[in-house]
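Visitor:
Residue numbers (our numbering), protein chains in the order written: chain A, 6 to 402; chain B, 6 to 402.
Written out as structure tokens, the structure is:
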């Protein structure tokens with residue numbers, strides 16, 4: 006049979022990162038390509054303890070159908086927590102629990118976009134979000150990243166050029182893949198532009214709690230009156246990604262449509278996992294976050310010092326990070342980035358992600374690569390970056 | 006801000022059933038409107054035991070990111086089980102794990118359909134599936150149900166009339182909402198028609214293992230050579246719906262696109278839940294299924310005898326069932342079905358689902374209601390149907 010796929014999916018392939026990770030699986034390849042939390046970051050004892058109690062005391066609640074909006078105690082707790090800690094969530098806002106923040110991308114797109122509509126995004130941006138938009142037939146318009154966030158003049162140009170824009174997608178803190186944090190000024194300006202042009206902002210903040218240095222910058226959502234910003238939060242980086250629990254805080258009318266869309270996707274999010282998140286947050290959540298920050302401070306600084314030692318001498322530059330999981334490196338001018346990535350994995354057994362994977366236009370010229378510090382052990386990180394250094398010497402010296 | 010929603014979502018509202026269930030929550034209303042497994046049906050001890058061991062022995066595996074296709078041991082086990090038990094799955098087929106069978110509806114639609122394309126469905130049909138199709142802007146063409154399944158002549162007429170049809174959606178066993186099981190002859194004919202007109206079949210089989218009487222009818226997928234049928238299976242009715250674990254077995258090329266779509270929806274299904282399903286199936290799964298059948302035989306027969314006693318005398322008719330969770334009742338000719346449902350919940354504190362909720366065209370005339378036997382206790386079921394009988398006497402005698 007000759008299958009005719011939808012316009013959104015027909016030319017969309019599995020993400021490059023996934024393919025790299027598959028290639029790396031079960032071999033001696035050291036992966037700097039993943040975005041997995043460090044194994045030491047999982048509060049396994051606490052989860053086991055909470056789970057044991059839930060399944061003993063309230064087994065039917067943890068296993069029966071539940072409501073689409075999410076587990077009510079978790080929604081209430083998150084609403085209070087996000088308001089108190091981040092000033093996120095106004096009177097006009099609603100909160101729903103999702104299957105990771107990934108599902109927020111899918112649901113908002115379904116709610117707002119017809120095929121052919123435009124989503125404006127950081128360029129480069131998180132490929133999982135880009136593919137969620139693409140799979141629904143949405144056109145992407147990438148706006149270049151600067152050291153302090155998206156280029157606001159280019160954003161305004163893009164908004165003028167694409168009147169069918171439905172929302173702006175951005176990760177303001179420790180952006181994936183660049184590690185860049187948007188300045189307060191740019192956040193204000195993005196919000197003003199969104200209001201002026203009548204589009205929403207999808208503020209994706211998976212890494213905000215993983216700042217190990219410097220001052221926190223207020224969320225765009227904290228400056229919103231419940232009209233413009235849909236905020237996506239996640240337990241993937243602060244508790245455990247395998248749970249697949251995230252949430253959206255945004256204008257009631259929008260979240261109502263997203264809830265209807267969620268009924269069609271999965272009815273509701275795994276209820277046991279929602280209860281685990283709820284109970285875990287009622288413990289000493291701040292102490293846990295501090296443990297994560299301490300862990301990732303050490304790993305991120307190690308990665309940056311290894312880059313300084315092994316890659317910078319051969320013309321590689323990078324954006325220093327104050328949080329998050331990724332360091333974005335630019336290979337020297339004229340470097341053949343795809344060849345570097347291919348040779349890294351095939352000849353040196355080190356997997357890195359080619360920067361082009363994160364571009365709105367994946368065929369555009371790119372000489373960047375993304376390195377991750379959270380997944381590898383300290384020893385593997387040392388070995389891997391040293392090997393990349395050897396390759397850089399061979400290719401760029 | 007004036008939100009402009011997508012064409013698929015703008016006129017789509019939360020399902021009538023959900024609204025009825027909300028109305029019924031926390032009141033003295035007895036619900037015959039749900040589709041929840043009976044609380045007695047949950048193997049809570051086994052789940053607790055398996056979970057405790059998993060979180061003690063393999064906590065990182067159960068909490069870390071996993072692959073989109075699903076937990077490999079579960080996929081392998083299901084592949085073997087479905088081949089051996091149901092002859093489902095050919096060489097050309099692939100299997101992926103999904104967030105309940107609900108996600109199969111969403112993923113197949115994303116993979117195959119552009120907005121404006123047609124999906125042909127049983128009429129009436131499972132409203133969660135219909136809304137998944139609608140939310141992506143798909144047009145529904147309902148084909149009337151007969152006592153032995155979809156009307157095949159009407160199906161052929163529909164296929165001719167809608168050349169942009171991408172697939173046929175059907176629940177062949179104990180259909181939701183009618184309880185009807187399609188005959189072998191109709192299954193064969195549907196497959197032949199699908200091949201002839203070059204469309205896929207989405208065979209949704211959540212209740213197939215809940216046959217408490219009569220002979221099993223082979224799955225449509227068992228007659229397919231891995232080309233035409235995407236089979237949707239689920240752990241919701243045979244283990245626990247809160248886990249949100251289902252699966253799709255279908256042509257490799259199609260499932261590859263569905264996998265890409267799944268990356269955009271939720272990256273992967275909660276991994277702990279997948280491991281629970283895998284381990285649970287390795288126990289005495291058949292004995293568990295037999296327990297469920299014994300439980301539901303008693304409850305279904307009780308519901309039918311109550312209908313015989315309290316509703317049939319006032320002109321209500323119904324389709325006797327041999328499995329599944331629902332009994333479909335037709336009110337007498339000329340009955341005001343919406344008024345019956347409204348008065349049932351408001352005056353008699355009994356929630357039932359108006360049949361129109363399941364129609365491709367919800368505004369079409371309808372005098373059917375759906376009753377469920379799995380959720381209420383035996384005592385509540387007695388009280389509820391007796392009250393419906395009083396109302397029927399008042400309205401139809």
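We treat Cβ as the ideally placed atom computed from N, Cα and C, and that holds for glycine.
Predicted, not measured: the structure shown is a model, and the values here were computed from it.
(1) Taking any Cβ of chain A, which residues in the stretch 266 to 280 of chain B have a Cβ under 9 angstroms from it, in chain order?
(2) Does DSSP put residue 111(B) in a helix, in a strand, or in coil?
(3) Less than 8 angstroms between C-beta atoms, sequence neighbours within five positions excluded: which residues of the same chain meet that for residue 45(B)?
(4) Identify whether residue 147(A) lies in helix, strand or coil by the three-state DSSP scheme.
(5) Let's see if you can read the secondary structure: which residues bound the beta strand (DSSP E) around residue 127(B)?
(6) The beta strand (DSSP E) spanning residue 207(A) covers which residue range?
(7) Here's a check: name, in chain order, each residue in its chain whose Cβ is nearer than 8 angstroms to the Cβ of residue 342(A), leaving out the five neighbours to either side.
(8) Ends of the alpha helix (DSSP H) at residue 334(B)?
(9) Over what stretch of residues does the beta strand (DSSP E) that includes residue 256(B) continue unbroken?
(10) By DSSP, does residue 72(B) sit in helix, in strand, or in coil?
(11) Can you give me the C-alpha to C-alpha distance between residue 310(B) and residue 391(B), rounded to a whole angstrom?
(12) Check whether chain B comes within 9 angstroms of residue 34(A), counting only Cβ atoms and requiring the distance to be less than that.
(13) From the DSSP output, in three-state form, read off residue 48(A) for me.
(14) Run through DSSP, which three-state label would residue 175(B) get?
(15) If contacts are defined as beta-carbon pairs under 8 angstroms, then residue 274(B) and residue 103(B) qualify, I think. What distance do you get, rounded to the angstrom?
(16) What is the rounded straight-line gap between the Cα of residue 264(A) and the Cα of residue 56(A)?
(17) Just curious, the beta strand (DSSP E) that residue 236(B) is in, first and last residue?
(18) Residue 160(A) and residue 125(A): beta carbons closer than 9 angstroms?
(19) Quick one: list the residues of chain E neighbouring residue 118(A), beta-carbon separation under 8 angstroms, in chain order.
(20) Report yes or no: is there a C-beta of chain A within less than 9 angstroms of the C-beta of residue 227(B)?
(21) Does the beta-carbon distance from residue 139(B) to residue 13(B) come in below 9 angstroms?
(22) Output needed in chain order: residues of the stretch 284 to 310 of chain A with a Cβ under 9 angstroms from some Cβ in chain B.
(23) In chain B, what lies closer than 8 angstroms to residue 44(A) by C-beta?
(24) By the three-class DSSP mapping on this structure, what secondary structure does residue 98(B) have?
(25) Output needed for residue 326(B): all residues of its chain with C-beta closer than 8 angstroms, excluding positions within five of it in sequence on either side, in chain order.
(26) Does residue 372(B) come out as helix, strand or coil in the three-state DSSP assignment?
(27) Please list, in chain order, the chain A residues whose beta carbon lies closer than 8 angstroms to that of residue 110(B).
(28) List the residues of chain A whose Cβ lies closer than 9 angstroms to the Cβ of residue 107(B), in chain order.
(29) Is residue 278(B) helix, strand or coil by DSSP?
(30) Could you say which of 107(A), 116(A), 147(A) and 40(A) lies nearest to residue 133(A) if we only look at CA atoms?
(31) Under a CB-based cut-off of 9 angstroms, is residue 245(A) close to chain B?
(32) With H, G and I counted as helix, E and B as strand and the rest as coil, what does DSSP make of residue 356(B)?
(33) Thinking just about the alpha-carbon of each residue, which of 165(A), 214(A) and 223(A) is nearest to the one in residue 199(A)?
(34) Among residues of its own chain, excluding the 5 on either side of residue 53(B), which ones have a beta-carbon nearer than 6 angstroms to its beta-carbon?
(35) What's the gap between the Cα of residue 7(A) and the Cα of residue 203(B)?
(36) With respect to the alpha helix (DSSP H) encompassing residue 218(A), which residues constitute its N-terminal and C-terminal limits?
Guide: Based on what the coordinates show:
(1) 266, 268, 269, 270, 271, 272, 273, 274, 275, 276, 277 and 278
(2) Taking the second chain and counting its residues from 1, one reaches residue 111(B) at position 106. Three-state DSSP puts residue 111(B) in a helix.
(3) Counting from one through the second chain, the residue named residue 45(B) turns up at place 40. Cβ neighbours of residue 45(B) beyond the five flanking positions: 300.
(4) As a working mapping, residue 147(A) is identified with position 142 in the first chain. Of the three classes helix, strand and coil, the one that applies to residue 147(A) here is strand, per DSSP.
(5) Residue mapping note: residue 127(B) aligns to position 122 of the second chain, counting from 1. From DSSP, the beta strand (DSSP E) with residue 127(B) extends over 123 to 128.
(6) Within the first chain, the letter at position 202 stands for residue 207(A). Element bounds for residue 207(A): 205 to 209.
(7) Numbered from 1 along the first chain, position 337 holds the residue referred to as residue 342(A). Hits under 8 angstroms: 336, 359, 360, 361, 371, 372, 373 and 374.
(8) As a working note, residue 334(B) is residue 329 in the second chain. No alpha helix (DSSP H) holds residue 334(B); the beta strand (DSSP E) holding it covers 331 to 335.
(9) Here the question's residue 256(B) lines up with position 251 in the second chain. That run of the beta strand (DSSP E) goes 251 to 256.
(10) Indexing the second chain from 1 puts residue 72(B) at position 67. Coil.
(11) Here residue 310(B) refers to the residue found at position 305 of the second chain. Here residue 391(B) refers to the residue found at position 386 of the second chain. If I take the Cα positions, the gap works out to 11 angstroms.
(12) Along the first chain, read from residue 1 onward, the residue named residue 34(A) stands at position 29. False, the Cβ-Cβ gap to chain B never drops below 9 angstroms.
(13) In the first chain, residue 48(A) corresponds to position 43, counting from 1. In the three-state scheme derived from DSSP, where H, G and I count as helix and E and B as strand, residue 48(A) is classed as coil.
(14) Residue mapping note: residue 175(B) aligns to position 170 of the second chain, counting from 1. Residue 175(B): strand per DSSP, three-state reduction.
(15) Here residue 274(B) refers to the residue found at position 269 when the second chain is read from its first residue. Here residue 103(B) refers to the residue found at position 98 when the second chain is read from its first residue. Residue 274(B) to residue 103(B), Cβ: 6 angstroms. Contact.
(16) Against the first chain, residue 264(A) aligns to sequence position 259. Against the first chain, residue 56(A) aligns to sequence position 51. Approximately 27 angstroms, taken between the alpha carbons.
(17) Taking the second chain and counting its residues from 1, the one referred to as residue 236(B) is at position 231. In this chain, the beta strand (DSSP E) harbouring residue 236(B) covers 234 to 239.
(18) Here residue 160(A) corresponds to residue number 155 of the first chain, with the count starting at 1. Here residue 125(A) corresponds to residue number 120 of the first chain, with the count starting at 1. Against a cut-off of 9 angstroms, the Cβ pair of residue 125(A) and residue 160(A) comes out as a contact.
(19) Reference to chain E is not applicable here, since the protein chains of this structure are A and B.
(20) Looking up residue 227(B) in the second chain gives position 222. Not an interface residue.
(21) As a working note, residue 139(B) is residue 134 in the second chain. As a working note, residue 13(B) is residue 8 in the second chain. Yes.
(22) Correct list: empty, as no residue qualifies.
(23) Start at 1 with the first residue of the first chain, and residue 44(A) comes out as number 39. Correct list: 65 and 69.
(24) Mapped onto the second chain, residue 98(B) falls at position 93. Residue 98(B): strand per DSSP, three-state reduction.
(25) Counting from 1 along the second chain, the entry for residue 326(B) is found at position 321. Excluding residues within five positions, the ones whose Cβ falls inside 8 angstroms are 179, 184, 305, 309 and 332.
(26) As a first step, residue 372(B) is located in the second chain; it is residue number 367 there, counting from the start. Note: residue 372(B) maps to coil in three-state DSSP.
(27) For this step, residue 110(B) is matched to residue 105 along the second chain. Under the 8 angstroms cutoff, chain A gives 269.
(28) Reading the second chain from its first residue, position 102 is the one you call residue 107(B). 268, 269, 270, 271 and 272, listed in chain order.
(29) Walking along the second chain from the start, residue 278(B) turns up at place 273. In this structure, residue 278(B) counts as helix in the three-state DSSP scheme.
(30) Translated into the one-based positions of the first chain, residue 133(A) becomes position 128. Distance from the Cα of residue 133(A) is smallest, within the candidate group 107(A), 116(A), 147(A) and 40(A), for 107(A).
(31) On the first chain, position 240 is the one that residue 245(A) refers to. Answer yes: the Cβ-Cβ gap between residue 245(A) and chain B drops below 9 angstroms somewhere.
(32) Your numbering for residue 356(B) matches position 351 in the second chain. Strand, per DSSP.
(33) The residue given as residue 199(A) occupies position 194 in the first chain. Checked all of 165(A), 214(A) and 223(A); the closest Cα to residue 199(A) is 165(A).
(34) Here residue 53(B) is taken as the residue at index 48 of the second chain, counted from 1. Taken in chain order, the list of residues that qualify is empty.
(35) Indexing the first chain from 1 puts residue 7(A) at position 2. Indexing the second chain from 1 puts residue 203(B) at position 198. So the two alpha carbons sit approximately 8 angstroms from each other.
(36) Stepping through the first chain from its first residue, residue 218(A) is reached at position 213. It is not in any alpha helix (DSSP H) - residue 218(A) carries neither H nor E in the DSSP assignment.
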